[in-house]
Every structure is written in C-alpha cells, then in structure tokens.
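Below: one structure, written as structure tokens.
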Amino acid sequence: MRCDVSRWPPIRLWPRPRTAVTLSSAVVSLAGVARGNAVDVTVADGLSRGWVTTPPAGLTDLLELRAVAEARFQAVFHTAPAEWRIEADWSGERAFVCSALPVSLLASLHAEAEAQGVVVRSIAPNWVRALQRLPLREIAGEPLAMACAASPEGMAALFLRDGVPIDWRQHWCEPAEAAQHLRGQALAAGCELPGQAWVSGDRATLSALVQSNATMRWKVVPS
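Numbering (the working numbering), first residue to last: 394 to 616.
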C-alpha cells in the first residue's frame, strides 16, 4: 500500500468519485468500506504536527535534509522524531513545510486496511488537504501571503514571503477568535498581517469565520 502524505507542491489529484475516511481518534475503523475499494484517508489535525524547516545553505542530500527536519521537529515538539512519519517538499534552496503523523497510527491503519481488503491511496492531515485545495501558485506570487486551513477544531495558518514559507502554526480557537490569533502569529513571525487571507475548509466553519471576522479580507475555497 502507498502512503502519500504531504507533497508541497505538486498536488496529487485522484480520480473522482473517491471515498474519504476521516480519523477522529487513534483507533481506525475501515469496517464500513467495501472490500476492494480504494480510500483517501484524512487525519484529524489534533493527531498531526506541522512546522517550517529552514535548511542550511547548500544542503542538497535528502538524508541530511530529513535530519534537519527531524532536529527542528524535536526542538519544536519536544518528542522523539522516530515515533513519527515526517514528509515534506524537500528543498535545499528554501524553507519548506513539513507534516508528521504517528508511526503507530499509520501502522494500525495499514493493518486494518489489509485485513478489510481496502486499498489506501493516500494519507494526509486535514490541514494538508485543505491547503492543497488553495491556488498555491497564485498565492506564491504575492509578496506576503497567508494560507489557512479552517476546521471545527481550529485553524492552521501558513505565512509565506515571495512564495517561501516563513511560519506555520496551528491555532486551537473558535472562528470568532481567528483574527486575533492570526495577528499574534504575524507578530511572532516578524511580519505584517497580509491584506487578505486564503482559506479552505468545510462550509459551516468558513461561514462562521467570515461572519465573525469582518475586518479581515478572506478568499474562500470550500472543501
């Protein structure tokens, strides 16, 4: 089975129709999926980790890039990277976004999928799926940009300067608190709050987000 987690960019597109399975806990159940079907698994944001890694200049070896990302992971989350599956759009020329999922969770998923006769086409955190729905090439053309993934759990926000990631954070907040959290993130990242925010997510969360943060300019892409 193939585990295709965060590829940033390009975006991997799968033919429709497709079956999506959302995990809300570490106990994975694919019992409701018919044998022989293929699924794309979306993992709840609370089970994933995300961060930005800035590699040393001139670093090109994949193993060395992974080692730098793992060191950054341990510094940010204070836990052993060996227990997590880390994926990224590896680059030695610029900062890149990383995502991680627990190895134990992936093992449980693949074991149950094999037992049920289900093919797992891809696995990704909810925030990765949401950000991949945004027009990343257009966003990368802005001098200072903000790409957000909204969910009932909160909001993940990525700040980019000239297309290069500079800060990623997960905000566990209500929609009405989003603008305040994003201003705080901008201050922590040492930049101004971008004039507009690109955001993707479920329609109910997006509606509450826009209505309760009218002072911000949102460019909405529903899931």
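We put the CB at the ideal spot given by N, CA and C, even for glycine.
Inter-residue Cα distance where the pair is residue i and residue j
{"i": "residue 498", "j": "residue 581", "result": "32 Å"}
{"i": "residue 420", "j": "residue 433", "result": "Here the model assigns residue 420 a pLDDT of 39, short of 50, so the residue's position is not dependable, and the following value carries that caveat. Their Cα atoms are separated by approximately 17 Å."}
{"i": "residue 446", "j": "residue 606", "result": "30 Å"}
{"i": "residue 532", "j": "residue 512", "result": "33 Å"}
{"i": "residue 477", "j": "residue 553", "result": "25 Å"}
{"i": "residue 470", "j": "residue 479", "result": "13 Å"}
{"i": "residue 427", "j": "residue 448", "result": "44 Å"}
{"i": "residue 603", "j": "residue 500", "result": "38 Å"}
{"i": "residue 589", "j": "residue 539", "result": "7 Å"}
{"i": "residue 576", "j": "residue 457", "result": "34 Å"}
{"i": "residue 487", "j": "residue 462", "result": "13 Å"}
{"i": "residue 504", "j": "residue 455", "result": "28 Å"}
{"i": "residue 583", "j": "residue 548", "result": "20 Å"}
{"i": "residue 675", "j": "residue 483", "result": "Residue 675 is absent from the model: the chain starts at 394 and stops at 616."}
{"i": "residue 574", "j": "residue 438", "result": "17 Å"}
{"i": "residue 475", "j": "residue 464", "result": "11 Å"}
According to DSSP, residues forming a beta bridge with residue i
{"i": "residue 515", "result": "433"}
{"i": "residue 560", "result": "552"}
{"i": "residue 544", "result": "547"}
{"i": "residue 480", "result": "492"}
{"i": "residue 589", "result": "610"}
{"i": "residue 615", "result": "594"}
{"i": "residue 443", "result": "492"}
{"i": "residue 456", "result": "In DSSP, residue 456 forms no bridge with anything."}
{"i": "residue 537", "result": "554"}
Presumed contact (8 Å Cβ cut-off) between residue i and residue j, rounded CB distance
{"i": "residue 527", "j": "residue 591", "result": "5 Å"}
{"i": "residue 451", "j": "residue 429", "result": "Contact flag wrong, Cβ pair sits at about 48 Å."}
{"i": "residue 572", "j": "residue 608", "result": "6 Å"}
{"i": "residue 551", "j": "residue 490", "result": "7 Å"}
{"i": "residue 601", "j": "residue 514", "result": "Wrong, their Cβ atoms sit about 31 Å apart, outside the cutoff."}
{"i": "residue 523", "j": "residue 441", "result": "12 Å between Cβ atoms; not a contact."}
{"i": "residue 467", "j": "residue 460", "result": "With a Cβ gap of about 11 Å, residue 467 and residue 460 do not count as contacting."}
{"i": "residue 443", "j": "residue 563", "result": "6 Å"}
{"i": "residue 519", "j": "residue 436", "result": "7 Å"}
Environment of residue i [buried if 16+ CB atoms lie within 10 Å]
{"i": "residue 565", "result": "exposed"}
{"i": "residue 569", "result": "exposed"}
{"i": "residue 555", "result": "exposed"}
{"i": "residue 536", "result": "exposed"}
{"i": "residue 493", "result": "buried"}
{"i": "residue 453", "result": "exposed"}
{"i": "residue 517", "result": "buried"}
{"i": "residue 599", "result": "buried"}
{"i": "residue 481", "result": "buried"}
{"i": "residue 417", "result": "Any reading at residue 417 must be qualified, since the residue scores a pLDDT of 44, below 50, and its modelled position is unreliable; the value itself is stated next. With fewer than 16 Cβ atoms within 10 Å of its Cβ, residue 417 is classed as exposed."}
Does the structure place the region 501 to 511 close enough to the region 556 to 568 that three or more beta carbon pairs sit under 8 Å?
The answer is no - the region 501 to 511 does not touch the region 556 to 568, with fewer than three Cβ pairs under 8 Å.
Indicate whether the contact test is met: 3 or more Cβ pairs, each with one atom in the region 586 to 600 and one in the region 536 to 545, closer than 8 Å.
yes
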